[in-house]
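Encoded as structure tokens, the structure appears first; notes follow it.
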Amino acid sequence: MKIAKISFTVNGKPYSLEAPPIKRLLDVLREDLALTGTKEGCGEGECGSCSVLMNGVLVNSCLVPVLQAQGAELLTVEGLANHGKLAVLQQKFLEHGGAQCGICTPGMMMAAEALLSRNANPKLEEIREGLAGNLCRCTGYMKIFESVNQAIDSAEKTTR
Amino acid sequence: MRSNANEYAMVAPASLREALQLLAQSPDEWTPIAGGTELMVALGVGRLQSKKLVSLWGLSELRYTVASANEISIGAGATFTDIRNDKIIAQEFPLLALAASWTGAIANQNRGTLGGNIVNASPAADSPPALLVYQAEIELVSAGGTRRIPYKDFHLGYKRTVLAPGELVKAVHLPRAEKLPVQYIRKVGTRNAMAISKVELAAVGAMRSGKVAEVRIAAASLQEIPARLLGTEAVLLGQPLSASVVDAARKALLSETKPIDDIRSTANYRAQVAANLLEEFLLQLAASSDEARV
Ligand SMILES: Cc1cc2nc3c(=O)[nH]c(=O)nc-3n(C[C@H](O)[C@H](O)[C@H](O)COP(=O)(O)OP(=O)(O)OC[C@H]3O[C@@H](n4cnc5c(N)ncnc54)[C@H](O)[C@@H]3O)c2cc1C
Ligand code: FES
Ligand code: FES
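Residue numbers (the numbering used here), protein chains in the order written: chain A, 1 to 160; chain B, 1 to 294.
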């Protein structure tokens, strides 16, 4: 066995740790950093519940060996709220029934966050594509799409 | 059960040169890992055999798309997102851009690489049929140097390729020949964005004076390797697209492919669907001929 020294930032905070280099980023977040907002569903890249942003890009953390996150800037669901105040996206999920059991919700929000960071004003088709890698067994998706749609800046929306 | 992470070693060389040197020292020992969307799945289900991995993720020598007058070159480390974002690929090689757009959902496209898709060598992989109809060449690199071969010669048999121990895929090159007017690709799978294909057909073609002047067809999931359907092409070349020619082409496709039964589908279903996809392409090809006449 070989242990790797890893440094990265999560939600703006720097971390240094030691881990087997192939350890899944998902497990490092949950076990080593106690950031349990990121969930495991399938562990095979199919469900998106482990979604995080790595250098601004959406990834499934169950398929990222931690060595490949060396030096990265990571954003997890814990990083969305600001000083205890919910982000707009979180607020809209709350208001529009975007979460039921909640297991898919962190991943859904990270996928939505990634989408909105690339495209401030996505159409419904684009929201569907952006979230297509995230499975939900509760909501039937409509309320999730609606929550994301509501999170789009109202100023942006009048121009579509 | 998931593999034990403690049993694996992984290194991340700072340059392609370093990676190649490491591979040259003990080529049978190290396995490259790029985006990990195949290998990390294998780890997850306890089936990752290689115990020593060399990470290629983030190597700038492998992650690029660049156009010259004659060709566009795509580094093996380019992700499907990189491919979708490239304007020239979208314009001149739309079938590859489309294949990239349905290779899993966004998170998978952000990590999965073209090199990984090719070397994993699944008969169901989505990018090979597009590469085949565009007559791609593939560039291989080792500590000893590089070599370039037609991509059609890369796959030898089920999950077997010409890659020598210690050798990596460096890039894929697509010739910027004149774009044929009819460009067709269709993937039939279970779940739109995510599922591995049951059948995929890619084809390009042109009519001249009511006859098939040029045609190239390739398929995934119809045989051990992704391959051109040369027999079917031969039946079509120089012919008008009459009902009997279309029928002969369907028969040629069925005789030169060997679809199988597996967990995703049955041989019978695949054969039927593949022949129907071919016919859909031929309808578009025939229609392009009508348009040209008016
Ligand atoms: C949820 C999900 C959905 C998917 N959907 C699809 C789909 O629809 N269509 C499809 O075709 N695939 C699909 N895949 C499979 C996978 O994403 C692709 O095959 C991808 O291109 C693999 O690339 P990678 O860089 O992640 O490969 P890795 O897992 O890093 O490597 C795969 C193989 O390639 C080798 N390798 C990688 N780079 C090189 C190189 N430069 N030189 C030599 N060898 C190399 C590795 O050693 C390994 O054997 C899916 C996967 C998942 C998890
Ligand atoms: S747990 Fe990572 S995609 Fe399902
Ligand atoms: S809210 Fe339960 S899985 Fe989505």
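C-beta: ideal position from N, C-alpha, C; glycine also.
Owing to the predicted nature of the structure, the values given are computational and were not obtained by experimental measurement.
Close to valine 41 (chain B), with beta-carbon spacing below 8 Å, are these residues of chain A in chain order: Glu44, Gly45, Leu63.
With a cut-off of 7 Å, the C-beta of asparagine 60 (chain A) is classified as near ligand 2, since at least one heavy atom of the ligand falls inside that distance. In the assembly as shown, lysine 13 (chain A) is an exposed residue. Its beta-carbon has fewer than 16 other beta-carbons within 10 Å. 8 Å or more divides the Cβ of valine 212 (chain B) from the Cβ of leucine 180 (chain B). Any Cβ of chain A closer than 8 Å to the Cβ of arginine 176 (chain B) would place that residue at the interface, and such an atom is absent. Residues of the region 54-65 of chain B whose Cβ lies closer than 8 Å to any Cβ of chain A, in chain order: Ser55, Trp57, Gly58.
Checking the 7 Å criterion, the Cβ of cysteine 42 (chain A) is within range of a heavy atom belonging to ligand 2. The region 56-81 of chain A contains, as complete beta strand (DSSP E) runs of 3+ residues, the segments 57-60, 73-75 (chain order). Under the DSSP assignment, glutamate 126 (chain A) falls in the alpha helix (DSSP H) whose first and last residues are 124-130. For lysine 123 (chain A), there are no neighbours in chain B by C-beta distance under 9 Å, as the nearest C-beta there is about 15 Å away.
Think of a sphere of 8 Å around the beta carbon of arginine 2 (chain B): the chain A residues whose beta carbon falls inside it are Gly43, in chain order. Counting every other CB atom within 10 Å of its CB across the protein chains shown gives asparagine 6 (chain B) a total below 16, marking it as exposed. In the DSSP assignment, glutamine 183 (chain B) is bridged to B:Val204.
Secondary structure of proline 150 (chain B) (DSSP, three-state): strand. For arginine 147 (chain B), the CB contacts under 6 Å within the same chain, skipping 5 residues up- and downstream, are Leu140 in chain order.
Here serine 55 (chain B) is bridged, per DSSP, to B:Ile33. Taking a C-beta cut-off of 7 Å against chain A, none of the residues of the region 263-281 of chain B qualify. A check of alpha carbon separations from leucine 53 (chain A) across B:Asn108, B:Pro13, B:Ala219 identifies B:Asn108 as the nearest. For leucine 229 (chain B), no beta strand (DSSP E) encloses it, and the DSSP letter there is neither H nor E. One Cα belongs to arginine 216 (chain B), the other to leucine 229 (chain B), and the distance between them is close to 8 Å.
Using a 10 angstroms sphere on the CB of proline 21 (chain A), the tally of other CB atoms reaches 16 or more, which defines it as buried.
The region 14-21 of chain B and the region 22-35 of chain A do not touch, with fewer than 3 CB-CB distances between them shorter than 8 Å. Against chain A, the CB of asparagine 6 (chain B) has a partner CB under 8 Å away; the residue lies at that interface. Remark: the C-beta of glutamate 31 (chain A) is outside contact range of ligand 2, defined as less than 7 Å to any heavy atom. Under DSSP, methionine 10 (chain B) forms a beta bridge with B:Leu53. Nearest CB-CB separation between valine 148 (chain A) and chain B: not below the 8 Å threshold. Taking 8 Å as the cut-off, the Cβ atoms of leucine 135 (chain A) and cysteine 101 (chain A) do not count as close.
Residue burial annotation: arginine 137 (chain A) is exposed, with fewer than 16 other C-beta atoms found within 10 angstroms of its C-beta. Any Cβ of chain A closer than 8 Å to the Cβ of alanine 12 (chain B) would place that residue at the interface, and such an atom is present. Of all residues in the region 49-81 of chain A, the ones placed with a Cβ closer than 8 Å to any Cβ belonging to chain B are Ser51, Val57, Leu58, Val59, Asn60, Cys62, Leu63, Val64, Pro65, Leu67, Gln68, Gln70, in chain order. Glutamate 38 (chain B) has its Cβ nearer than 7 Å to a heavy atom of ligand 1.
Against lysine 23 (chain A), the close residues of chain B are Ala5, in the order they occur along the chain (beta-carbon pairs closer than 8 Å). Distance from the CA atom of tyrosine 158 (chain B) to the CA atom of glycine 97 (chain A), rounded to whole angstroms, is 48 Å. Annotation: the continuous beta strand (DSSP E) that includes valine 141 (chain B) extends over 137-142.
In this model, alanine 271 (chain B) and glutamine 68 (chain A) are separated by some 41 Å (Cα to Cα). The way I'd put it, the region 55-66 of chain A does touch the region 35-43 of chain B; three or more beta-carbon pairs between them come closer than 8 Å.
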